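Counting from 1, one number per residue, gives the positions in the sequence shown under full-length UniProt numbering.
Report on the structure given below.
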Amino acid sequence: MTDLIPKTMKAWIAVRAGQPKDILELKTNWPTPPPPKVGEVMIRVSYAALNPGDIKMMAVKIPCRRITTTPGMDFVGEVVQVGPPSIPSSSSAPPPPSDVRVGMIVAGTVPVMRKVWGGVGVLADYVVVPTHAVVEKPEELEECVAAGLFGVVGQTNVVLLRAADLSKDDRVLVNGASGGVGSILVQLLHGMGVHVTGICSAKNEALVRRLGAEEVR
């Protein structure tokens with residue numbers, strides 16, 4: 001698999017700060033990322049999910065950030081290369097096993113600091129990310145769906161649910177119930193048997209009710 005990774009790739013590059021239509025250029029011979037280091041994997045990107053945060057990061061000129069950056073944080077793709085195992089503390093001890101392997105279809109996100117300061121993004125053929133930033137895609141989910149569920153939005157929902165420690169028949173108020181995080185959170189809570197009251201604009205009331213909110217304000 002490693003021998004098949006090209007030295008260059010296609011990638012959308014933001015050449016300066018500004019709006020996407022003004023600053024994005026499609027490069028067809030952009031350098032492929034170097035091989036992954038210990039604790040990293042290289043992904044051949046199949047799908048990338050977009051969110052408003054991508055536009056905001058492109059619009060702002062961030063000090064010390066690379067001049068040229070690749071947009072996008074959330075993705076689905078195939079693992080094409082796994083970084084070398086860490087050096088064991090004892091020469092007789094085997095390296096810790098990794099669940100991520102070449103050929104696995106995974107979903108994940110580029111860590112914020114790597115994205116902001118390093119300019120690393122997923123609107124490209126290949127991306128290198130930490131192993132802990134990806135999970136294996138469930139077989140029952142299409143790749144395009146998983147790209148939008150397992151990135152920043154999905155991980156935010158997991159953090160919220162763990163912190164809330166809710167049980168069936170609890171009552172929850174979700175502010176921004178029709179937004180990226182809120183629309184998924186309402187469905188998860190409904191599936192858990194939690195009574196949901198959603199707050200959203202009047203035009204999205206029907207949507208939020210369909211997602212599982214019992215009351216909408």
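Just so it is clear, CB atoms sit at the ideal spot from N, CA and C, and this is done for glycine as well.
This structure is a prediction, so every number in the text was calculated from the model and none was measured.
| Item | Value |
| --- | --- |
| For Val15, does the three-state DSSP call read helix, strand or coil? | coil |
| Where in the segment 139-216 do unbroken runs of the alpha helix (DSSP H), each at least 4 residues long, occur, reported from the N-terminal end onward? | 143-149, 152-164, 180-191 and 205-211 |
| With a 10 Å radius around its C-beta and 16 neighbouring C-beta atoms as the bar for buried, classify Val159 as buried or exposed. | exposed |
| Measure the Cβ-Cβ separation of Val174 and Val196 and say whether it is below 9 Å. | yes |
| Between the C-alpha atoms of Lys168 and Gly179, what's the straight-line distance to the nearest angstrom? | 24 Å |
| Identify which residue in Ile184, Ala202, Lys203 and Ser201 has its Cα closest to the Cα of Gly212. | Ile184 |
| Give me, in chain order, the residues of the same chain whose beta-carbon lies closer than 7 Å to that of Gly193; leave out the 5 immediate sequence neighbours on both sides. | Lys168 and Asp169 |
| According to DSSP, which residues form a beta bridge with Val76? | Tyr47 and Ala107 |
| When we look at the beta-carbon of Glu40 and count the other beta-carbons within 10 Å, is it buried (16 or more) or exposed? | buried |
| Pull the bridge partners of Ala124 from the DSSP assignment, please. | Ala11 |
| Excluding sequence positions up to five away, which residues of its chain have a Cβ less than 8 Å from the Cβ of Val172? | Ala164, Leu166, Leu189, Val194, His195, Val196 and Thr197 |
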